Amino acid sequence: MSLFTETAAWVEDEHRMFADTAHKLFSDELAPNTEKWAEAGIVDREFWRTVGAQGVMGGAVPEEYGGFGGGIGFDAITTYEQGRVGDTGWGYGIQSIVTHYIMAFGSEDQKKKWGPGLVSGDIVAAIAMTEPDTGSDLQNVQTFAERDGNHYKINGSKTFITNGHTADIVVIVCKTDRKAGAKGVSLIVLETEGAEGFRRGRNLRKLGMKGSDTAELFFKDMRVPTSNLLGPEEGQGFYQLMKQLPWERLMISITALGFIDFAIEQTVAYTQERKAFGKRIMDFQNTRFKLAECKTKAELLRSFVNDCIGRLEAGKLDAATASMAKYWGSQTQNEVMHECLQLFGGNGFMMEYPIARLYADSRVQMIYGGTNEIMKELIARSLDV
Ligand SMILES: Cc1cc2nc3c(=O)[nH]c(=O)nc-3n(C[C@H](O)[C@H](O)[C@H](O)COP(=O)(O)OP(=O)(O)OC[C@H]3O[C@@H](n4cnc5c(N)ncnc54)[C@H](O)[C@@H]3O)c2cc1C
Numbered sequence: 261m262s263l264f265t266e267t268a269a270w271v272e273d274e275h276r277m278f279a280d281t282a283h284k285l286f287s288d289e290l291a292p293n294t295e296k297w298a299e300a301g302i303v304d305r306e307f308w309r310t311v312g313a314q315g316v317m318g319g320a321v322p323e324e325y326g327g328f329g330g331g332i333g334f335d336a337i338t339t340y341e342q343g344r345v346g347d348t349g350w351g352y353g354i355q356s357i358v359t360h361y362i363m364a365f366g367s368e369d370q371k372k373k374w375g376p377g378l379v380s381g382d383i384v385a386a387i388a389m390t391e392p393d394t395g396s397d398l399q400n401v402q403t404f405a406e407r408d409g410n411h412y413k414i415n416g417s418k419t420f421i422t423n424g425h426t427a428d429i430v431v432i433v434c435k436t437d438r439k440a441g442a443k444g445v446s447l448i449v450l451e452t453e454g455a456e457g458f459r460r461g462r463n464l465r466k467l468g469m470k471g472s473d474t475a476e477l478f479f480k481d482m483r484v485p486t487s488n489l490l491g492p493e494e495g496q497g498f499y500q501l502m503k504q505l506p507w508e509r510l511m512i513s514i515t516a517l518g519f520i521d522f523a524i525e526q527t528v529a530y531t532q533e534r535k536a537f538g539k540r541i542m543d544f545q546n547t548r549f550k551l552a553e554c555k556t557k558a559e560l561l562r563s564f565v566n567d568c569i570g571r572l573e574a575g576k577l578d579a580a581t582a583s584m585a586k587y588w589g590s591q592t593q594n595e596v597m598h599e600c601l602q603l604f605g606g607n608g609f610m611m612e613y614p615i616a617r618l619y620a621d622s623r624v625q626m627i628y629g630g631t632n633e634i635m636k637e638l639i640a641r642s643l644d645v
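Encoded structure:
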């Protein structure tokens, strides 16, 4: 299986070659380590550089900043191929999101400083929006950055931060003006090495996605140069977040498709082998119908996702459509995992079968990147004009 539909207009030969490279790399270097890194609660740092060396990260980064100047389609392929081998531990999604922020809103100096490392894997990135008391209601973040000469003094805390323990840079969503609502939000890039007043908390224990390091972060009078502000002036953060959200949301549905393809493949193989009542499990009509339903959902999602990638490449993916992709993709993923797991019987509940981990890993897709309820709000808003 592949991400592409037969007729997707955005797909060129380079995309197909890139997909082969990514698939081989992840089959050889990621899939065999997924369980080990899930046990460890963190992905081996060297893996980031391995992927970077193969040119599989930062596909949309221009050459002058370390990439090869492809489009968003290359990032989409990396995202899909990771899901296709059933991994969620490696935090590429966040790396890609931050890379896009820096390329879209960074100054020339910032792009030159961080771009090459983000592509090579020498720099791992995180984005810190969520706080202990604020998730969906992002405008309400309490982390505050106060100007102090040519530095910001930042106070506050964040939670659930993917790549939080590995990150060399963290894009912090904070207030620079407490009275200005959404217009008081800014994005400031923290360079973690040696940063005074910065502390990482626990690596949070989770239901799934266990190979991903998920951190609490604490800032106490933490000093960050004012030159690390993203964008020409303060107060642009909310607008910057909104501009990038379509990609973040689409990515979640691309991961969903990768997972679905992997789960169907695993389930077909299992039900062809396993027997009950003298028949293969695959020979029961219920099994055939369930798998037919799953496959149909996969193809619907593939078409939608390909359409969305084409729209995004053309600068035409609106917030409501991206929200539909996120909501429907992640919900469909969970439905498919549920059905596939059932066809494994008791073995489906055992962690030695990947379907058990896929099931657990899928749940969060309906929560992060904006919950599916928030997605429905955004879709409804586009109707109620
Ligand atoms: C594994 C994992 C990784 C994550 N990684 C990151 C990361 O890297 N960076 C980061 O910043 N955050 C990250 N998050 C946080 C994630 O984005 C938030 O958990 C998510 O946005 C929801 O916020 P919340 O947890 O505060 O839920 P809440 O906002 O408290 O929501 C609770 C419930 O209320 C519902 N609800 C809230 N508002 C409305 C409304 N207006 N209408 C209807 N229903 C509503 C929600 O849908 C949800 O069901 C991660 C979370 C997890 C679990």
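Each residue of the sequence shown is one higher than the one before, counting from 261 in my numbering.
Ideal Cβ positions, reconstructed from N, Cα and C, are used throughout, including at glycine.
Source: prediction; values computed, not measured.
Have a look at the DSSP bridge pairing and note the partners of D408. Translated into the one-based positions of the sequence shown, residue 408 becomes position 148. In DSSP, D408 forms a bridge with H411.
Which of helix, strand or coil DSSP assigns to E453
For the purposes of this step, residue 453 is identified with residue 193 of the sequence shown, where counting begins at 1. E453 falls in the coil class under three-state DSSP.
Requested in this report: Could you check the C-alpha separation between V271 and T338 for me, to the nearest Å?
Outcome: As a working mapping, residue 271 is identified with position 11 in the sequence shown. As a working mapping, residue 338 is identified with position 78 in the sequence shown. Each residue's alpha carbon lies about 14 angstroms from the other.
For ligand 2, any of its heavy atoms closer than 6 angstroms to the Cβ of I362?
Questions concerning ligand 2 fall outside what the structure shown contains, since the ligands it does hold are ligand 1.
Beta-bridge pairing of S446 - partner residues as DSSP gives them = Position 186 of the sequence shown, counted from the first residue, corresponds to residue 446. Per DSSP, the beta-bridge partners of S446 are C434.
message: Could you check whether the segment 555-562 touches the segment 586-602, counting it as contact only if at least three pairs of C-beta atoms, one from each stretch, sit closer than 8 angstroms?
response: Yes, the segment 555-562 is in contact with the segment 586-602.
In this structure, how does DSSP classify S622 when only helix, strand and coil are distinguished? Taking the first residue of the sequence shown as 1, we reach residue 622 at position 362. Reduced to three states, the DSSP call for S622 is helix.
- When A579, K503, K586 and V484 are compared against D408, the one with the closest alpha-carbon: Numbered from 1 along the sequence shown, position 148 holds the residue referred to as residue 408. For D408, the nearest C-alpha among the options comes from V484.
* Which residue's Cα is closest to the Cα of V433: G416, G312 and H275? -> Locating residue 433 in the sequence shown gives position 173, counting from the first residue. The candidate whose alpha carbon is nearest that of V433 is G416.
With 16 other Cβ atoms within 10 Å as the buried cut-off, status of D473: Position 213 of the sequence shown, counted from the start, is the residue given in the question as residue 473. Label assigned to D473: buried.
So, using beta-carbon positions, are Q314 and L285 closer together than 7 angstroms? By 1-based counting over the sequence shown, the position of residue 314 is 54. By 1-based counting over the sequence shown, the position of residue 285 is 25. Cβ atoms of Q314 and L285: closer than 7 angstroms.
ask   = So who's on the other strand from F458, going by DSSP bridges?
value = Within the sequence shown, the letter at position 198 stands for residue 458. According to DSSP, which records beta bridges pairwise, F458 is partnered with F479.
| Which term fits R438, buried or exposed, when burial requires 16 or more other beta carbons within 10 angstroms of its beta carbon? | One-based indexing of the sequence shown puts residue 438 at position 178. It counts as exposed.
_Can you tell me whether T391 is helix, strand or coil according to DSSP?_
Here the question's residue 391 lines up with position 131 in the sequence shown. As written in the sequence, residue 391 is Glu, which differs from the Thr given in the question. Strand, per DSSP.
Name the one or two DSSP bridge partners that L489 has. Locating residue 489 in the sequence shown gives position 229, counting from the first residue. Beta-bridge pairing links L489 to I448.
For I541, the residue or residues it bridges with in DSSP = Translated into the one-based positions of the sequence shown, residue 541 becomes position 281. According to DSSP, I541 bridges with nothing at all.
### Message
Nearer than 6 angstroms: is that true of the beta carbon of F365 relative to any heavy atom of ligand 1?
### Response
On the sequence shown, residue 365 is found 105 positions in, with the first residue counted as 1. Not under cutoff, so the answer is no.
Near ligand 1: S396 beta-carbon under 6 angstroms from a heavy atom
Numbered from 1 along the sequence shown, position 136 holds the residue referred to as residue 396. Within the cutoff, so yes.
Discussion item. On the DSSP letters alone, give me the boundaries of the alpha helix (DSSP H) that R309 sits inside.
Written reply: Within the sequence shown, residue 309 is the residue found at index 49, counting from 1. R305 to A313 is the span of the alpha helix (DSSP H), which, as asked, contains R309.
### Message
Less than 7 angstroms between the beta carbons of W350 and V303, yes or no?
### Response
Stepping through the sequence shown from its first residue, residue 350 is reached at position 90. Stepping through the sequence shown from its first residue, residue 303 is reached at position 43. The answer is yes: Cβ separation under 7 angstroms.
**OP:** Note the first and the last residue of the continuous alpha helix (DSSP H) segment covering P506.
**Re:** For the purposes of this step, residue 506 is identified with residue 246 of the sequence shown, where counting begins at 1. Run containing P506: G497 to E533, per the alpha helix (DSSP H) assignment.
Q) Which residue's Cα is closest to the Cα of V379: K418, G424, G319 and I421? A) By 1-based counting over the sequence shown, the position of residue 379 is 119. Looking at the Cα atoms, G319 is the closest of the given residues.
query = Can you find a heavy atom of ligand 1 that lies under 6 angstroms from the Cβ of I432?
reply = The residue you call residue 432 lines up with position 172 of the sequence shown. I432: no, Cβ never under 6 angstroms from ligand 1.
Rank D288, S262, G441 and T294 by C-alpha distance to the C-alpha of A279 and give the top, closest one.
Indexing the sequence shown from 1 puts residue 279 at position 19. Taking only the C-alpha atoms, the option nearest A279 is S262.
Requested in this report: Use the C-beta contact count for D273: other C-beta atoms within 10 angstroms, 16 or more gives buried, fewer gives exposed.
Outcome: Counting from one through the sequence shown, the residue named residue 273 turns up at place 13. Exposed, by the Cβ-count rule.
query = Looking at C-alpha atoms only, which residue of D347, F458, F498 and E494 is the closest neighbour of D479?
reply = On the sequence shown, position 219 is the one that residue 479 refers to. Here residue 479 turns out to be Phe, not Asp, going by the sequence shown. Out of D347, F458, F498 and E494, F458 has the C-alpha closest to the C-alpha of F479.
My understanding is that F609 touches Y530, with C-beta atoms under 8 angstroms, so please give their C-beta distance in whole angstroms.
-> Taking the sequence shown and counting its residues from 1, one reaches residue 609 at position 349. Taking the sequence shown and counting its residues from 1, one reaches residue 530 at position 270. About 13 angstroms separates the two Cβ atoms, so there is no contact after all.
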